[in-house]
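Numbering (full-length UniProt numbering), first residue to last: 1 to 112. This report refers to the structure that appears directly beneath it.
Have a look at this one:
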């Protein structure tokens, strides 16, 4: 009975309300989808930037550590080699002087 009593204007108004309600729902769904897509894109970009920054930082730290270790090793090796060479030179000089002194003293003792 309620339906039969409604006039055409009432039906038209009801239809407009339904269309407006449906349009509002569609607009809200579109806004939510756009916001979700924007958030996902921003989060993805931030994630990629953070990953790139972390990778670059790790690579930089590794490079610095490798360079420092290499410099330390080179300096230590140079110092050790120089010290060993100095010790060898001293030993050779002392041995040569000792041999020279032995030869001199033995030859002088024979002469006298």
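The C-beta atom is built at its ideal place from N, Cα and C for all residues, glycine as well.
For residue i, name the three-state secondary structure that DSSP assigns.
i	result
residue 111	At residue 111, the pLDDT of 48 sits below 50, so the modelled position is not reliable; the number obtained from the coordinates is stated separately. Note: residue 111 maps to helix in three-state DSSP.
Among the residues of its own chain, which have a CB less than 6 Å from the CB of residue i, if the five just before and after it don't count?
i	result
residue 64	none
residue 29	none
residue 112	With a pLDDT of only 48 at residue 112, under the threshold of 50, the placement of this residue in the model should not be trusted; the figure read from the coordinates follows. Excluding sequence neighbours, residue 112 sits near nothing in its chain.
Within its chain, find whatever has a CB closer than 7 Å to the CB of residue i; leave out the 5 residues flanking it on each side and keep chain order.
i	result
residue 40	none
residue 90	none
Who are the Cβ neighbours of residue i in its own chain at under 8 Å, not counting the five residues just before and after it?
i	result
residue 20	none
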